[in-house]
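The sequence shown begins at 121 in the working numbering and counts up by one.
Glycine included, every Cβ here is placed at the ideal spot set by N, Cα and C.
Below is one structure; the comments refer to it alone.
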Amino acid sequence: MLTDFYTLDSYKMAGNGSYTAKIRLNKDHDIFKGHFPGNPVTPGVCMMQIVKELTEEFTGKKLFLKSASNVKFMAIINPFETPELTMSLDISENENDIKVKNTTAFGETIALKMSVNYTNI
121 MLTDFYTLDS YKMAGNGSYT AKIRLNKDHD IFKGHFPGNP VTPGVCMMQI VKELTEEFTG
181 KKLFLKSASN VKFMAIINPF ETPELTMSLD ISENENDIKV KNTTAFGETI ALKMSVNYTN
241 I
């Protein structure tokens, strides 16, 4: 859905549904021209979409956001200053739902923490 917004540089599975992904934001994407001109900020909804897309990649399932809780945007992600992000996803699945706890950071700075529930499409 976020065409050319980011690239997945690498990821590794640590076991028990825990993944660490390294992504790189495309600082030249059109979203940053409007959000905000002269001071680009990565929209929170785009970060939430990246978590969904990574979860789909790691589980091999198409998902729909069912609920989100404890969503905390803790630092501004400027794609020119900090295009490289580390995303930790703890994924647990049951018959119908997938739960994800995410922490997104650049360097030592935590930018996003959230818990989300998806349902299979």
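With a cut-off of 8 Å on the beta carbons, I'd call residue i and residue j a contact; round off their distance for me.
i, j, result
"LYS172", "TYR238", "7 Å"
"PRO199", "THR162", "6 Å"
What are the residues that DSSP puts in a beta bridge with residue i?
i, result
"MET218", "Note that residue 218 is Ile in the sequence shown, not Met. GLU213, TYR238."
"PHE200", "According to DSSP, PHE200 bridges with nothing at all."
In the DSSP assignment, find the beta strand (DSSP E) that holds residue i and state where it starts and stops.
i, result
"GLY135", "126-135"
"ASN190", "183-193"
"LEU145", "138-145"
Determine the extent of the alpha helix (DSSP H) in which residue i is found, giving its start and end residues.
i, result
"LEU174", "164-179"
"LYS153", "151-154"
To the nearest angstrom, how far is it from the Cα of residue i to the Cα of residue j?
i, j, result
"ALA195", "ILE241", "32 Å"
"SER138", "LEU209", "6 Å"
"PHE184", "ASN214", "15 Å"
"ALA134", "ILE211", "11 Å"
"GLY227", "PHE193", "16 Å"
"GLU177", "GLY158", "33 Å"
"GLN169", "ASP129", "17 Å"
Using 8 Å as the Cβ pair cut-off and three pairs as the minimum, do the stretch 189-203 and the stretch 142-154 touch?
yes
Touch test, the stretch 230-237 against the stretch 182-194, Cβ-Cβ under 8 Å, three pairs minimum
yes
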